[in-house]
Amino acid sequence: MAKKKVLVIEDDRIMLEAIRIELEDAGYDVILYEDGKNGLKAALEGAADLIILDLVLPQLHGFDVLAALKSAKEVKVRKIPVIILTNLTQEADREKGMKLGAIDYCVKATMDLQGLKNKVKDILSKK
Amino acid sequence: MAKCLVEKLQDCKSFCKNFPDPLLVLDKNGTVLNACEMVKNVFGIPAEQMIGKIFYKHSMYSKSSVLALKKLVKDSYDGKKVKPIDVEAKIGGKDAIIQCYSSLVLDNGESVLFMIFRDVTQMRQFDQTLMESEQRYRELFENMQSGAAVYEAVEKGKNFILTDFNKAAQQSDKIRRQDVIGQPITKVFPGIEKTGFLKALRRVWKTGRAEHFPPTIYEDRRLGKVWWEDYIYKLPTGEVVAAFANITDRIKASEDLKKSSEDIKGERDKIRKIVQSIADGVFVVDKDYKIILFNEAAALMSGYAVEEAINKPYNEVLEFVHENNDRKVVAFVKEVMETGRSLSSVNHTLLVDKNGDQIPVAYSAAPVSGSNGPSGAVVIFRNVTKEREVDKMKTEFVSIASHQLHTPLTGVKWFLQLLLRGKAGEIPENQRKYLEQVYASNERMIILVEDLLSVSRIESGDRFTFEKKPTDIIKIIDEVIEGSVDLIKEFNVTVVKQEEMPKQLILSADPDKIRQVFYNLISNAVKYSKPRGKVEVGYNTDKKNAITFYVKDYGYGIPKRQQHRISEKFFRADNVVAKITVGTGLGLYIVKSLVEAHGGEFWFVSTENIGTTVSFTIPRGIVKKRKRSKQTSRSANGKKK
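Residue numbers (our numbering), protein chains in the order written: chain W, 1 to 127; chain C, 1001 to 1641.
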């Protein structure tokens, strides 16, 4: 069975690296983008089964990426589950993310890597 | 001789008989020689019965009347000049007054007395009444409070002579009656011409129309400067009466009153001006909630002109709404009036102006005290747009700080996790221990940052919006206990749920906030328990409108003298600071704020070295059934394992 593709859009290389290690170890194909614009482009090309999306991103804010994905022409793209993974802890941001159609909103600082991996696993197994 | 005369008179019977007034012809003893028919009209006795008798010897006369009549007869015969007299008599059982005229008639050296009688009872009574009434009027005139002067016109009204002057006039004009009677007014009141009073007197005298002579200043050497007011009438006698009052005191009093009312008005104007120029909106409502004062700033903010607002119910002019739900905020003025206590606004109040624009405002309302509780309320409100901007900047800063502080901490956390899980190869046991210490410290740092941010959010009034929804509190308790296993293990305590706890308890609450409350309370209880201690989480339904939850420990407790500081920020009790280094002193402050924001209460009971029970309530409220959102909650502070 082909590996499931997880697209991670995250500008902090250290975090990106940690997520890559965790998810690759778990058997996923991890595609990394460090800015919103290229990340979105990749996502629109249908390159992912799941997207982990940071919010504070160069070039295009995570919310804009999410909004663009959720209003994409292709149903396939619109249906890609997006986990927001950010350190923005404000309620307003959480509300906005969920409203835009994220499947989950996770705060990095209070999130374990294993927890993240389990979430990805859960979501992809339901897909 | 007399006989002759009598005979003569008898001859004149017809004369007597037809005499129009009652007439008796008497000799010098008073014996009736003849009588006319009319006497019957006066005395009720037929004339013939009187003849031959002494006329005054009759029971109808009183003793004094008899003497007077006897004297009249005698005096008349003695040739004295006599005047008619009145005598009292009882005729037909009634008191009567009879006037008697006598006239001696000489005839050839002989004389007879003609006496004519007239019943003057009614006339005398009338005279008496007239006299009494005159006396009464005199008394009235004399004793009336206002001065009264009676004038008689002379020189065809060129001048007036005083003919009467009552007591009050003498007092107020400081002059005696005898000194004014007969004097011209211009002499008694030398300053009178200047006042125009003389002209008024003349007018009344000529026209007969009464006049009011308005308050006027009169001045002369005797009286100085005085104020007068007169009413002038013409009497049927042609005299003119001036009823007057010295109103100097009254004028002075009214001037004083005017001055003091001007002073008051001045003060009031000053206060009004101050209120008007206050930069904050100010309005005052009466007990019917109608606006009675509305200042310029209020007008400017609301878009309603002052005159538009006055007398209108305040909620027709000033619409305050809640920022988050657009619900009208109206109860505060009512509450102030009913309780008599002042109130301040919570944040998030907007004023909807005339154009429908919303302005963030802060207000405070205070009762205006009346004799029977509040008679109104004064409300001050101000535009807090700038403060909101600052708040927003602060919130943004908090948000950025949160992000920026958390990012490196997350990096440390995640790579430590990778290291500890052997992703970079096996780690020797002693190194693992150290790395675990690093990990724990980093976790504390994350909590500290989160706590600081929570405080910052609470204080900046950041959108601590509560997304209340049906929430299973028991599930949250379970999750928090589960999430705290490491901490529980570290402090070697047991956390138990009260046995009576139901399996599920749904209340309307924000699950994240309630999780944060339980997390803070349970982690506190664990940290401040003694080793092998027990922590109990329970609830009760003692309160009618809320469910009470508690977290109880048997640990160090809080010293009594420091208990009042428990919900202060960064407060940590002396007795634990040295023992337990973990802790920011923010937990209970956050708990209290979150509970209160939920509409709940927060309290605690603590005894040093016995333990602490912290309790709080969640209002029962109405739990609306709603489709559960897919949103998975993050653990507020805790680690999810």
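Backbone N, C-alpha and C define an ideal beta-carbon position, used for all residues, glycine too.
Query                                                                                                                                                                                   : Result
Report yes if the C-beta distance between VAL1285(C) and ILE1292(C) is below 8 Å; otherwise report no.                                                                                  : yes
Between the C-alpha atoms of THR1031(C) and TYR1077(C), what's the straight-line distance to the nearest angstrom?                                                                      : 13 Å
Which residues mark the beginning and the end of the beta strand (DSSP E) in which ALA1153(C) is found?                                                                                 : 1147-1154
For GLY1587(C), count neighbouring C-beta atoms within 10 Å of its own C-beta (all shown protein chains included) and say buried if the count is 16 or more, exposed if not.            : buried
Can you tell me which of the three DSSP states VAL1329(C) falls into?                                                                                                                   : coil
Is there contact between the segment 1194-1204 of chain C and the segment 1175-1182 of chain C, where contact requires at least three CB pairs shorter than 8 Å?                        : no
Along the alpha helix (DSSP H) that carries MET15(W), what are the first and last residues, could you check?                                                                            : 13-25
Taking the C-alpha atoms as reference points, what is the distance between SER1345(C) and SER1364(C)?                                                                                   : 6 Å
With distances taken Cα to Cα, identify the nearest neighbour of ALA1305(C) among GLN1276(C), ASN1575(C), ILE1447(C) and GLU1323(C).                                                    : GLN1276(C)
Taking DSSP as the reference, what is the three-state secondary structure of SER1399(C)?                                                                                                : helix
Which of helix, strand or coil does DSSP assign to LYS119(W)?                                                                                                                           : helix
Between THR1612(C) and ILE1547(C), how many whole angstroms is the CB-CB distance? I'm expecting something under 8 Å.                                                                   : About 20 Å separates the two Cβ atoms, so there is no contact after all.
In chain order, which continuous runs of the beta strand (DSSP E) of length 3 or greater are located wholly inside the segment 1312-1378 of chain C?                                    : 1319-1322, 1349-1352 and 1358-1370
ALA18(W) CB to nearest chain C CB: under 8 Å?                                                                                                                                           : yes
Report the residues of the segment 43-77 of chain W with a CB closer than 7 Å to any CB of chain C, ordered along the chain.                                                            : VAL56
For TYR1589(C), which three-state DSSP category applies?                                                                                                                                : helix
If you drop the 5 nearest sequence neighbours on each side, which residues of the same chain put their C-beta closer than 7 Å to that of GLY115(W)?                                     : none
Can you pull the chain C residues whose beta carbon is under 8 Å from the beta carbon of ILE21(W), in chain order?                                                                      : LEU1418 and LYS1423
Beta-carbon within less than 7 Å of SER1454(C)'s beta-carbon, same chain only, minus the 5 sequence neighbours each way: which residues are those?                                      : ILE1590
Hey, out of GLU1338(C), ASN1492(C) and ASN1545(C), whose CA is closest to GLY1373(C)'s CA?                                                                                              : GLU1338(C)
Give a yes or no on whether 8 Å exceeds the smallest Cβ distance from ASP12(W) to chain C.                                                                                              : yes
Given that a residue counts as buried once 16 or more other Cβ atoms are within 10 Å of its Cβ, and exposed if not, what is LYS1513(C)?                                                 : buried
So ILE80(W) packs on LEU69(W), CB below 8 Å; how close in whole Å?                                                                                                                      : 7 Å
Exposed or buried, PRO1511(C), counting other C-beta atoms within 10 Å across all chains shown (16 or more means buried)?                                                               : buried
For the structure I just gave you, are there three or more beta carbon pairs, one from the segment 1087-1102 of chain C and one from the segment 1039-1047 of chain C, closer than 8 Å? : yes
Can you give the Cα-Cα distance for LEU1642(C) and GLN1049(C), rounded to whole angstroms?                                                                                              : Outside the shown range of chain C (1001 to 1641) lies residue 1642(C), about which nothing can therefore be said.
So, does the segment 1243-1263 of chain C touch the segment 1217-1228 of chain C, judging by three or more C-beta pairs under 8 Å?                                                      : yes
Determine the extent of the beta strand (DSSP E) in which GLU1229(C) is found, giving its start and end residues.                                                                       : 1224-1234
Looking at chain C, is there any beta carbon in it that lies within less than 8 Å of the beta carbon of ALA26(W)?                                                                       : no
Grab me the residues of VAL1085(C)'s own chain with a C-beta within less than 7 Å of its C-beta, minus the 5 sequence neighbours each way, in chain order.                              : Reading off the sequence shown, one finds Ile at residue 1085(C), where the question assumed Val. Once the five neighbours on either side are set aside, the close Cβ partners of ILE1085(C) are ALA1068, LEU1072 and CYS1100.
Ends of the beta strand (DSSP E) at VAL1495(C)?                                                                                                                                         : 1494-1497
Under three-state DSSP, which class holds GLY1724(C)?                                                                                                                                   : What the structure shows of chain C is the stretch from 1001 to 1641, and residue 1724(C) is not part of that stretch, so it cannot be assessed.
Among GLN1170(C), ALA1578(C), ILE1618(C) and TYR1151(C), whose alpha-carbon lies nearest the alpha-carbon of GLY1182(C)?                                                                : TYR1151(C)
Just to confirm, are ASP1451(C) and THR1541(C) a CB contact at a threshold of 8 Å?                                                                                                      : no
CA-CA distance, TYR1061(C) and TYR1137(C)?                                                                                                                                              : 35 Å
Kindly examine the ligand SAM and report whether one of its heavy atoms sits closer than 7 Å to the Cβ of VAL1493(C).                                                                   : The ligand SAM is not part of the structure shown, which contains no ligands of any sort.
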